[in-house]
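Peer 1: Quick one: this structure, given as structure tokens, is what I'll be asking you about.
Protein chains in written order, with this note's numbering: chain A, 10 to 155; chain B, 10 to 155.
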């Protein structure tokens, strides 16, 4: 429930991976008044969550279907797949889309070389390295014009 | 020398760190016809460079002034500081700016919590995690509007 604005719609999100990126997103979703479950195999990773975080945490291997059922993933309005392993992320994203019929899925790609594999399976992606290299390429171009 | 366009200005760049991001940028600079030196403590990291890479590689601790002198860093038109350690990056960026008087420096920030420290020293930054989280926040907002 969002006490700041009771008329605003609240959604249910699942976040896989509670590292740097996962915790930022989980905190953001919680701050916006949404319901959140964060899943990570390492209990210590939940220390990245803010003091105000109101969601739930689940310890476990992210790629187990039982874990996903426990998280009631079929009811999720959106799923963020943000573990540091590309193969794990592909497997989770595919299972969420195909087995649980949740279409609103976005996955993190660690190695830009794997972007094509995600695209082939129509998984929406975010690739921090690619975003950063695009930013740095602009820095190069700026220097060339000076 | 850029054989594609001999009239285009060619510059000299130094790249610290030849991981995923460093190698993309070193390859890009080389492909654009610029002179490049890439420094990394791990010789194996240079395997990330493309077959076409025409620059030079230096093995060594990135934060040693001798290493920087060897790379003739004072003549660089731009320096990319892309090791995976924020403290190393701050130290390198400061040394390049203050000791070698090269002002065109951009550093990678691993942990968004360190952005302020870089800003305090007026070091231009790129933070892949922050770029990715901004992208993911847009994904959340899009879902809320649907």
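No residue lacks a Cβ here, since even glycine has one placed at the ideal position from N, Cα and C. All figures in this text were calculated on a predicted structure; none of them were measured in a lab.
Measure the CB-CB distance between residue 90 of chain A and residue 66 of chain A and report whether it falls below 7 Å.
Peer 2: Not in contact: residue 90 of chain A and residue 66 of chain A (Cβ atoms no closer than 7 Å).
Peer 1: Is the CB of residue 69 of chain A under 7 Å away from at least one CB in chain B?
Peer 2: With a threshold of 7 Å between beta carbons, residue 69 of chain A makes no contact with chain B.
Peer 1: Could you tell me whether the Cβ of residue 152 of chain B comes closer than 7 Å to any Cβ of chain A?
Peer 2: yes
Peer 1: Would you call the CB atoms of residue 149 of chain B and residue 148 of chain A closer than 7 Å?
Peer 2: no
Peer 1: Helix, strand or coil: how does DSSP classify residue 105 of chain B here?
Peer 2: Three-state result, residue 105 of chain B: helix.
Peer 1: Assign residue 115 of chain A to one of three DSSP states: helix, strand, or coil.
Peer 2: strand
Peer 1: State whether the segment 93-108 of chain B contacts the segment 137-145 of chain B, with contact taken as three or more CB pairs (one from each stretch) at a distance under 8 Å.
Peer 2: Verdict: no, contact absent.
Peer 1: Would residue 112 of chain A be called buried (16 or more neighbouring beta carbons within 10 Å of its own) or exposed?
Peer 2: Under this definition residue 112 of chain A is an exposed residue.
Peer 1: How about residue 63 of chain A: is its C-beta nearer than 7 Å to some C-beta of chain B?
Peer 2: no
Peer 1: Can you tell me whether DSSP reads residue 92 of chain B as helix, strand or coil?
Peer 2: coil
Peer 1: Provide the residue span of the beta strand (DSSP E) that contains residue 67 of chain A, from first to last.
Peer 2: 65-68
Peer 1: Considering residue 62 of chain A, what are the terminal residues of the beta strand (DSSP E) in which it resides?
Peer 2: Neither: residue 62 of chain A is in no beta strand (DSSP E) and is coded neither H nor E.
Peer 1: Under 7 Å between C-beta atoms, does residue 137 of chain A make it to chain B?
Peer 2: Contacts with chain B at 7 Å (Cβ-Cβ) include residue 137 of chain A.
Peer 1: Do residue 24 of chain A and residue 33 of chain A have their C-beta atoms closer together than 7 Å?
Peer 2: no
Peer 1: Quick one, which of A/52, A/79, A/28 has its alpha-carbon nearest residue 142 of chain B's?
Peer 2: Nearest C-alpha to residue 142 of chain B: A/28.
Peer 1: Can you round the beta-carbon distance between residue 45 of chain A and residue 64 of chain A to whole angstroms, since I take them to be within the 8 Å contact cut?
Peer 2: 3 Å
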